[in-house]
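Novice: In the working numbering, the protein residues as written are 24 to 226.
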Ligand SMILES: [Zn+2]
């Protein structure tokens with residue numbers, strides 16, 4: 024161990040031992056950032072999950088590695104870029120969006136990936152639409168039927184849907200709902216759970 028895993032500083036000193044079930048680890052203290060750490064670090068375990076998740080989600084929001092490092096350092100202090108890169112690599116196998124990130128970034132600028140609009144009715148609602156993902160999905164023949172859904176969502180975003188349909192009194196809404204005989208779109212249940220499980224295995 025020659026440098027601090029948090030800030031890369033070489034100003035580290037030995038600070039006792041940590042006794043685990045099967046081994047005794049050397050503990051260190053970093054004089055620069057004031058953090059303690061141990062000799063042996065298990066990949067992905069030396070940082071709290073929230074930092075790793077923030078890294079992966081920033082990366083998937085379109086920031087590049089260097090920008091992710093900057094975002095993290097503002098919030099949590101310096102983290103080596105190689106560490107961040109290893110998280111992103113590990114998560115790309117389970118995080119479905121990672122697989123399409125690069126393709127999406129060729130067509131969308133980061134700030135255009137998600138459309139956001141605020142609506143007010145009794146309280147503030149944030150409408151968000153991941154148009155980059157939606158566009159990606161609509162490329163596939165079997166998803167073409169959802170193009171009307173995209174049009175609809177875009178109209179909501181552009182405030183072209185008359186807002187009064189959202190502001191009916193509850194009673195009126197119920198009445199209308201019972202009159203509604205439209206066929207529901209066949210929506211496939213996506214195995215979110217298994218993805219979540221594999222994500223958890225990294226924590
Ligand atoms: Zn340090």
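For every residue, glycine included, the Cβ atom is placed at its ideal position computed from N, Cα and C.
Going straight from the alpha carbon of residue 134 to that of residue 115, what length do you get?
Specialist: Going by the C-alpha atoms only, they are around 22 Å apart.
Novice: If you follow the beta strand (DSSP E) that residue 139 is part of, which residue opens it and which one closes it?
Specialist: Note, residue 139: beta strand (DSSP E), 137-144.
Novice: Beta-carbon distances below 5 Å to any heavy atom of ligand 1 define the shell here; list its residues in chain order, please.
Specialist: Qualifying residues, in the order they occur: 27, 29, 30, 32, 53, 55 and 56.
Novice: Helix, strand or coil: how does DSSP classify residue 50 here?
Specialist: In this structure, residue 50 counts as strand in the three-state DSSP scheme.
Novice: Quick check on residue 72: buried or exposed, where buried means 16 or more other Cβ atoms within 10 Å of its Cβ?
Specialist: Label assigned to residue 72: exposed.
Novice: By how many angstroms is the C-alpha of residue 145 removed from the C-alpha of residue 62?
Specialist: Rounded to whole angstroms, residue 62 to residue 145 spans 55 Å at the Cα level.
Novice: If we ignore side chains and look at the alpha-carbon of each, how far apart do residue 143 and residue 80 end up?
Specialist: Near 28 Å, if we compare the C-alpha coordinates of residue 80 and residue 143.
Novice: Give the straight-line distance between the Cα atoms of residue 149 and residue 180, rounded to the nearest whole angstrom.
Specialist: Taking the straight line from one Cα to the other gives about 10 Å.
Novice: What did DSSP end up calling residue 66 once you bin it into helix, strand or coil?
Specialist: Caution applies to residue 66, whose pLDDT of 46 falls short of 50 and renders its modelled position unreliable; the value that the coordinates give is listed next. Coil at residue 66, not helix or strand.
Novice: Identify every residue that forms a DSSP beta bridge with residue 61.
Specialist: For residue 61, which the question treats as bridged, DSSP gives the partners 50.
Novice: Which term fits residue 127, buried or exposed, when burial requires 16 or more other beta carbons within 10 angstroms of its beta carbon?
Specialist: The residue in question, residue 127, is buried, as its Cβ has 16 or more Cβ neighbours within 10 Å.
Novice: Quick check: what's the CA-CA separation for residue 169 versus residue 160?
Specialist: Approximately 9 Å, taken between the alpha carbons.
Novice: Starting from residue 36, follow the beta strand (DSSP E) in both directions and report where the run begins and ends.
Specialist: 35-42 is the span of the beta strand (DSSP E), which, as asked, contains residue 36.
Novice: Apply the 10 Å Cβ neighbour rule to residue 82 and answer buried if 16 or more other Cβ atoms are within range, or exposed otherwise.
Specialist: Counting Cβ neighbours within 10 Å, residue 82 comes out buried, since at least 16 surround it.
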